[in-house]
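Since the structure comes first, as C-alpha cells, the remarks are kept for the end.
Protein chains: 2
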Amino acid sequence: MANQKNQPSGKGCAVLVVHGGAGAINREKLTASRERQCLSTLEQALRAGFKVINDGGASLDAVVAAVKVLEDAPVFNAGKGSCMTRNGKIEMDAAVMEGTKLAAGAVASITCVKNPVTAARAVLQYCPHHVLLVGGGADAFARKIAEEAGLKIVDPSYFRTKNAEETLKRFLEMEKVLKKKGKRPSGLTTGAGQGDEDKSPAELMELEDLGDIEDFPGIVMPELDKTGKKYGTVGAVAVDRSGALAAATSTGGTVGKDPGRVGDSPIIGAGTFADNETCAVSATGTGEHFIRNVIGHEVSALIRYKGVSLQEAARQAIFVNLARTRGDGGIIAINRAGEFAMHYNTLGMYRGVVFADGSVATAIF
Amino acid sequence: MANQKNQPSGKGCAVLVVHGGAGAINREKLTASRERQCLSTLEQALRAGFKVINDGGASLDAVVAAVKVLEDAPVFNAGKGSCMTRNGKIEMDAAVMEGTKLAAGAVASITCVKNPVTAARAVLQYCPHHVLLVGGGADAFARKIAEEAGLKIVDPSYFRTKNAEETLKRFLEMEKVLKKKGKRPSGLTTGAGQGDEDKSPAELMELEDLGDIEDFPGIVMPELDKTGKKYGTVGAVAVDRSGALAAATSTGGTVGKDPGRVGDSPIIGAGTFADNETCAVSATGTGEHFIRNVIGHEVSALIRYKGVSLQEAARQAIFVNLARTRGDGGIIAINRAGEFAMHYNTLGMYRGVVFADGSVATAIF
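Protein chains in written order, with numbering that gives the first Met the number 0: chain A, 0 to 364; chain B, 0 to 364.
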C-alpha cells in the first residue's frame with residue numbers, strides 16, 4: 000500500500016475506509032512507537048466497522064463503530080485527545096450521514112459526550128426535524144436523550160491530554176512571537192486564510208515541525224516540543240451488503256481555535272456526505288477550505304454530472320477544487336461497487352481500508 | 000411579474016435579487032395592509048442594495064445592505080421579528096459569501112447582534128482563519144469586534160414581537176393536541192422529517208393556515224389565530240460592476256425549534272453560496288432538506304458540470320434535488336451576466352429584483 004500512494008491494492012471490494020487526519024506529518028520525527036500506535040488504532044477501527052457489516056449490519060452503524068474507536072484513542076484529534084480552543088476548553092464537532100434517505104445528524108461545539116459521533120447519530124435518530132445542533136443546545140439534547148440513545152456523558156476533563164495542552168502552549172507562544180515581530184513572515188503568505196492572508200500560528204507550527212520555518216531568519220522560534228506529534232480529525236465511510244452508503248466524521252477542531260469555531264466535519268456537504276447514487280465522503284484538513292469549496296458534495300457532483308470515476312472525482316476535489324483557495328487536507332470516499340479513494344495534498348494522511356474478505360491495509364505516507 | 004411566476008421580465012440585466020421567505024402563504028388570509036408592508040419592505044431592500052452597486056460598490060456590501068433592511072422589518076423572520084425556540088428564546092443564523100475568493104463568514108445561534116448578517120460579514124473580514132462561529136462563541140466574538148466592525152449590540156428583548164410570541168404559542172398548542180391524540184394524522188405523513196416521519200407541528204400549522212388540516216376529523220384543532228401571518232428567512236444575491244457575485248442569508252430559524260438547532264442559512268453550500276464562475280444562491284424553506292441536498296452548491300454544480308442554464312439549474316435544484324427528500328422552499332440565484340432565477344415549490348415566496356436601470360419588481364405568488 001505504501002508504494003501505491005492513493006490506490007492501495009486490495010482483495011475484492013472495499014467495505015470500509017477510515018482516516019485519522021492529514022497534515023504535515025514529519026517522517027523523521029514520527030517515532031516508531033507512535034507510528035505503531037496510530038496504525039494499530041486504525042486497524043482496530045477497521046475491524047470494529049467490518050464486524051458490523053460482516054454481521055449483516057448497516058453501514059451507518061459500521062462508520063459509527065469505527066469512529067468511536069478513533070475517538071477513544073488519545074493519539075487522534077477527536078473525542079479523547081481533542082485539540083483545545085485558545086482558552087483551553089475542548090469543543091468537539093461530529094456528523095453522520097446515510098445515503099439511502101440522505102438522512103443526517105450533526106453536533107458542533109459539544110463538550111459532554113464521550114463519543115461525539117454517537118451524539119450526531121442520536122440527532123439523526125431521535126430529532127427527526129433537525130440535522131444540526133450546536134453549543135449548549137447540543138449538550139442539553141445529549142443529556143436529555145443519553146439514556147434512550149445510549150450516550151455516555153463525561154466530565155470535560157475526560158478529553159484532556161498532555162499532548163493537547165502542550166500543543167496549545169506552542170500555539171500561544173507561536174502567536175506571541177509573531178505578534179512581537181509586528182508582522183508575519185511574508186515568505187509564508189500563501190493564502191492560508193480566506194484571501195491572501197498570512198499563515199495562522201497553527202499552520203506555522205506545521206512548517207516548524209518540518210524545519211521549514213528556520214529558513215525565515217526574521218523569526219526567532221520559541222524552544223518548543225518538536226516530537227512530530229501530529230494528529231487530526233477522524234472519519235469513516237462504508238458500504239453494507241444492501242448497498243447502502245454512510246459517512247461519519249469527528250474532530251476536536253484546530254488548535255487554538257476561537258471559542259464557537261466550527262470546521263467542516265459537522266457540515267453536511269463539506270466534511271461529511273453520503274448519497275447511494277454517487278458516494279460517501281469524509282474529509283480532514285484545514286476545515287474552512289473544505290467548507291468554502293463544499294468538497295464532500297463536490298466529489299458527488301463530479302461523479303453525477305461530469306461522469307468521472309470515484310477515483311478521479313476525489314482526485315479533482317483535492318487537486319483542482321481545494322486548490323482554488325490553496326487549502327490543505329485529504330478525503331476518503333467509497334461507492335456502492337466497493338471502489339474507494341484516498342487523496343490528500345499534504346505530506347501524509349493516517350488511513351486504512353478493510354476489504355470484503357476481512358483483510359486490512361493501513362498507511363500514513 | 001405576477002403572471003410570469005418564475006421569470007419576471009425586466010429592463011436590462013438584474014443587479015440584485017431578494018427573498019423574504021417561501022411557504023404556505025394563504026392568499027385569502029393575507030390582508031391587503033400586510034401584503035403592502037411586505038412588498039414595500041422588499042422594495043426598500045432592493046433600493047438599499049442597488050444604491051451600493053450603483054455607487055460602484057461591491058456586491059458583498061450590497062447584499063449586506065439589502066438583508067439589513069429585511070432584518071430590521073418585523074414582518075420577516077430574521078433579526079427583529081425572528082421566530083422563537085421552544086423555550087421562548089431567539090437564536091439567529093446568518094451567512095455571507097463572495098464569489099471572487101470564495102470567502103465566507105457565518106454565525107449560528109447568535110443572540111445579541113441587531114443585524115446578524117453584519118456579524119457574518121465581520122467573521123469574513125476580521126476572522127481570517129474561521130468561517131463559522133456558533134453560540135456563546137459567536138456572541139463573544141461579536142461583542143469583542145463590535146466597535147471595530149460597527150456591529151450594534153442589543154438586548155435580546157429587541158428581537159421579540161407579538162407575532163413571534165403568538166406563533167410559538169400556536170406551535171406548542173399544536174404539539175399538545177398531537178401528543179394527546181397519541182399519534183400524528185397518518186394522512187399527513189409525507190416525509191417531512193429525515194425519513195418517512197410525520198409532519199412537525201410547524202408544518203401542520205402551515206396546513207392549518209391553508210384549511211387543509213380540518214380535513215382530518217381525528218384532530219381537534221385549538222382555537223388559534225389564523226391571520227395568514229406567514230413570514231420566512233430573508234436573503235439577497237447580487238452582481239456588481241466588476242462582475243463579482245455575492246450572497247447573504249439571515250433567519251430566526253423555525254418556530255419551536257430546539258435550542259441550538261441550526262438550519263441551512265449559515266451553512267455554506269446549503270442556504271448560501273457564491274462562486275463567480277457559476278452563480279450566487281440564497282435559499283429559504285425547510286432548512287434541513289436544503290442541508291441534506293446541499294442545494295446552494297447543487298445549483299452551482301449543475302451549471303458547471305451539467306452545462307445547464309442558471310434558470311434550469313435553479314429549477315432542477317428545487318423540483319428534482321429538493322424533491323428527493325420531499326423538502327419545501329425556494330431559492331433565488333444570479334450570475335455574472337445578470338441572469339437571475341427565483342424558484343419555489345411552495346404556494347408563494349416573497350421576492351423581488353432590481354435591474355441595471357434601477358427599476359424594481361416584487362411579488363409574493
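Where a beta carbon is used, it is the ideal one built from N, C-alpha and C, also for glycine.
Simplified DSSP assignment, three categories, for Met341/B:
Looking at Met341/B - three-state DSSP - the assignment turns out to be strand.
What would DSSP say about Gly255/A, mapped onto helix, strand or coil?
coil
Would you call Ala47/A buried or exposed, if buried means 16 or more other Cβ atoms sit within 10 Å of its Cβ?
buried
Proximal residues of chain B, C-beta to C-beta of Cys126/A below 8 Å
Asp257
Quick check on Asn25/B: buried or exposed, where buried means 16 or more other Cβ atoms within 10 Å of its Cβ?
buried
With distances taken between CB atoms, is the gap from Val359/B to Glu42/B smaller than 7 Å?
yes
Looking at chain A, is there any beta carbon in it that lies within less than 7 Å of the beta carbon of Lys369/B?
Because chain B spans 0 through 364 in this model, residue 369/B falls outside it and cannot be assessed.
Give the list of continuous beta strand (DSSP E) stretches no shorter than 3 residues that lie fully inside the stretch 92–151 of chain A.
102–109, 131–133
Enumerate in chain order the residues of its own chain whose CB-to-CB distance from Ala312/B is below 6 Å, with the five nearest sequence positions on each side excluded.
Val298, Leu301, Ile302
Could you check whether Val280/B and Ile330/B sit closer than 7 Å to each other, using their CB atoms as the reference points?
yes
As an exercise, report each continuous beta strand (DSSP E) stretch of at least 3 residues that is fully enclosed by the stretch 291–354 of chain B, in chain order.
328–333, 339–343, 347–354
Does Ala119/B come within less than 7 Å of chain A when only Cβ atoms are used?
no
Where the beta strand (DSSP E) through Val63/A begins and ends
Element bounds for Val63/A: not the beta strand (DSSP E) but the alpha helix (DSSP H), 58–71.
Counted within 10 angstroms of its Cβ, other Cβ atoms place Val238/B as buried (16 or more) or exposed:
buried
Contact set for Ser81/A: own chain, Cβ-Cβ below 7 Å, skip 5 residues either direction
Ile89, Met91, Phe158, Ala163, Gly251
Just checking: is the beta-carbon of Ser137/B within a distance shorter than 7 Å of some beta-carbon in chain A?
The sequence shown places Ala at residue 137/B, not Ser. With 7 Å as the cut-off, Ala137/B counts as an interface residue toward chain A.
Reduced DSSP category for Ser241/A - H, G, I as helix; E, B as strand; rest coil
coil
Is there a C-beta anywhere in chain A that falls below 7 Å from the one on His342/B?
no
What's the call for Asp138/A, buried or exposed, on a 16-neighbour Cβ count within 10 Å?
Looking at its Cβ environment, which holds 16 or more other Cβ atoms inside 10 Å, Asp138/A is buried.
C-alpha gap between Gly351/B and Thr283/B, whole angstroms
14 Å
Check whether the Cβ of Ala77/B lies closer than 6 Å to any heavy atom of the ligand FMN, and answer yes or no.
Absent from the structure shown: the ligand FMN. Ligands present: none.
What residue range is occupied by the uninterrupted beta strand (DSSP E) comprising Cys37/B?
No beta strand (DSSP E) contains Cys37/B, which is instead part of the alpha helix (DSSP H) from 31–53.
Would you list the residues sitting across from Leu15/A in a DSSP beta bridge?
Ala237/A, Val353/A
For the alpha helix (DSSP H) that contains Phe272/B, what are its first and last residues?
Run containing Phe272/B: none in the alpha helix (DSSP H); it sits in the beta strand (DSSP E), 271–274.
Kindly indicate which residue of Lys79/B, Gln36/B, Ala322/B, Gly98/B has the alpha-carbon position closest to the one of Ala365/B.
Because chain B here runs from 0 to 364, residue 365/B falls outside it and cannot be looked at.
Can you tell which of Lys256/A, Arg240/A, Leu321/A, Ser241/A has the C-alpha that lies nearest to the C-alpha of Gly270/A?
Leu321/A
Helix, strand or coil: how does DSSP classify Gly20/A here?
strand
How would you write the range of the beta strand (DSSP E) that Val280/B sits in, first residue to last?
278–284
Spatially closest choice to Gly22/B from Thr232/B, Glu172/B, Cys111/B, by CA coordinates:
Thr232/B
Cβ contact check for the stretch 331–342 of chain B and the stretch 284–292 of chain B: 3 or more pairs under 8 Å:
no
What three-state label does DSSP hand Val261/A in the structure shown?
strand
If we cut at 7 Å on Cβ distances, does Ile290/A have a partner in chain B?
yes
Take every Cβ of the stretch 146–161 of chain B, pair it with every Cβ of the stretch 109–122 of chain B, and state whether three or more of those distances are shorter than 8 Å.
yes
How should Pro258/B be labelled, buried or exposed, when 16 other C-beta atoms within 10 angstroms of its C-beta is the threshold for buried?
buried
According to the Cβ coordinates, are Ala121/B and Ile144/B closer than 7 Å?
yes
Identify, in the order they occur along the chain, each residue of the same chain with its Cβ nearer than 6 Å to the Cβ of Arg314/B, setting aside the five sequence neighbours on each side.
His342
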